[in-house]
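Just so we're aligned: the sequence shown equals residues 874 to 1289 in this note's numbering.
Beta carbons: idealized from backbone N, C-alpha and C, even for Gly.
Here is the structure we will look at, set down as structure tokens.
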Amino acid sequence: MKALWRQTRSFPRTAQLLMANQFAINLAFYMLMPYLAAHLADGLGLAAWAVGLVLGVRNFSQQGMFLIGGTIADRFGYKAPIMAGCLLRTVGFGLLGWIDNLPALIAASAATGLAGALFNPAVRAYLASEVGERRVDAFATFNVYYQSGMLLGPVVGLALLAADFRLVCTVAAAIFAVLTVLQARSLPARGSATTDSAPDNVLAQWRTVVANRPFLLFATAMIGSYVLTFQVYLALPLAASNALGTRGTWVTSGLFVVSAAVAIVGQLRLTGWAKKRWTPAQALVRGLTAMGLAFLPLTLSSSGGTVAVLTSLVAAVALLAAGSAVVYPFEMDTVVTLSGNRLVATHYGLYNTVSGLGITLGNLATGALWDFAEDHAALWVVWCVLTATGLTCAASVTALARSGRLSVREPQLAAA
């Protein structure tokens, strides 16, 4: 904690505020979202299709609108979309606890998704602009706050849930309301270096980003890393349930704790270690390789006993989290580098949209592969494919680095 505090204090006050802001955002979000499906199904008695619709709308409105959020941030400054996102979450989370008809629930869910699309690209672009050349260290510290909120949120939500789901929603909404006021009072109204010189036509702004071929190649190469990270929610829980039955739910909860704990405890150390020994490209490649190799222990234990599977699950989650912790700060820094420090939020917005689409397609493929492998008693195939996915990502980034496509560039703004 002392190292985290010293590192945080070394950044400008605005960067500190953005980090604290992200902790609170994740705290409030994960207080509520893990328990929303149960509330909709058991508390309100909605059919399974309706529950899926409400949750799907939230995900779609966020993933589909990231580019819009980034575009707004680059055109009108970072503060406005951050505040608007927090205000939308205040309204959306507040409504989720007090309404019971499907159209209103869909509207509230869409509002919470749009909120994330507004503030996520803006926060990352704002942080990058505030810390100058210390972007890697800043994003490493940022990720510790991010993971801490994600770890603490479900615990706080569970405690409040003992009283009432409405209390969970009210407290979560109150946190976002406080964040809105805090940012209105304390967050400087700043924009990107290209806010004033961005093309008058939004389509021209998008063409500038889409024409950035090295950036698009990097975003595509990194899709697999997001698919791998999401397996903490998909393949690994399925493996726990398959091997441990009803106890798999408790094991899954423990895996989430292990994943967050590795990131919280190890992030700054891993980033500092990697910076001293590797170039950014090498850190990305070796982190991605570790993420892929994380699934190998499960390949070896697929036919083993309960203890072997449990040990392999913990080892897989720990290595996956460590690899992700190595990758994340260098990945976020590379996006800024490839943007040429221009239209950074728009680049982040498109990057998030590409990765979100990749997660959706990757989940469909992984789920289908799981069903096939389970039917043929060959779950090792799933783990081999996931390992190959990580290694393919690493090879792709290696190829981009060797071709010089991960170097600093200065893209030109497209004509309006």
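Between residue 1184 and residue 1170, the C-beta spacing is below 9 Å.
Residue 972 carries a coil assignment under DSSP once its states are collapsed to helix, strand and coil.
Just so you know, the alpha carbons of residue 878 and residue 1245 end up roughly 48 Å apart. With contacts defined as CB atoms closer than 9 Å, residue 969 and residue 985 qualify as a contacting pair. Straight-line spacing of the CA atoms in residue 943 and residue 1117 works out to 43 Å.
Nearest to residue 1014 by C-alpha distance, out of 1277, 875, 962 and 1156, is 875. C-alpha of residue 1228 to C-alpha of residue 1092: approximately 7 Å in a straight line. Between residue 1042 and residue 1274, the alpha-carbon positions lie close to 46 Å from each other. By the CB criterion at 9 Å, residue 983 and residue 962 fall outside the cutoff. A straight line joining the alpha-carbon of residue 1259 with that of residue 1101 spans about 7 Å.
Using a Cβ distance threshold of 9 Å, residue 1051 and residue 1128 do not count as a contacting pair. A Cβ-Cβ contact shorter than 9 Å links residue 1055 with residue 890.
When C-beta atoms of the region 986-1006 are compared with those of the region 925-942, three or more pairs fall below 8 Å, so the two segments count as touching. Residue 1109 sits in a helix when the DSSP states are folded into three classes. With a beta-carbon spacing of about 6 Å, residue 1154 and residue 1279 fall inside the 8 Å limit used to define contacts. With respect to the C-alpha of residue 1058, the residue from 956, 1023, 1107 and 939 having the closest C-alpha is 956. Judged by DSSP secondary structure, residue 1248 falls within the alpha helix (DSSP H) whose first and last residues are 1217-1248. Taking a contact as a CB-CB distance under 8 Å, the pair residue 951 and residue 1063 counts as one, their CB atoms being some 6 Å apart. Apart from the 5 residues on each side of it in sequence, residue 1193 sits with its Cβ closer than 6 Å to the Cβ of 1164 and 1167 in its chain, given in chain order. Assignment of residue 884 by DSSP, reduced to helix, strand and coil, places it in the coil class. In summary, residue 1142 is exposed, with fewer than 16 beta-carbon neighbours lying within 10 Å of its beta-carbon over all protein chains present.
Inter-residue distance for residue 1186 and residue 1257 is about 15 Å (C-alpha atoms, whole angstroms). The criterion of a C-beta distance shorter than 9 Å is satisfied by residue 1133 and residue 1023.
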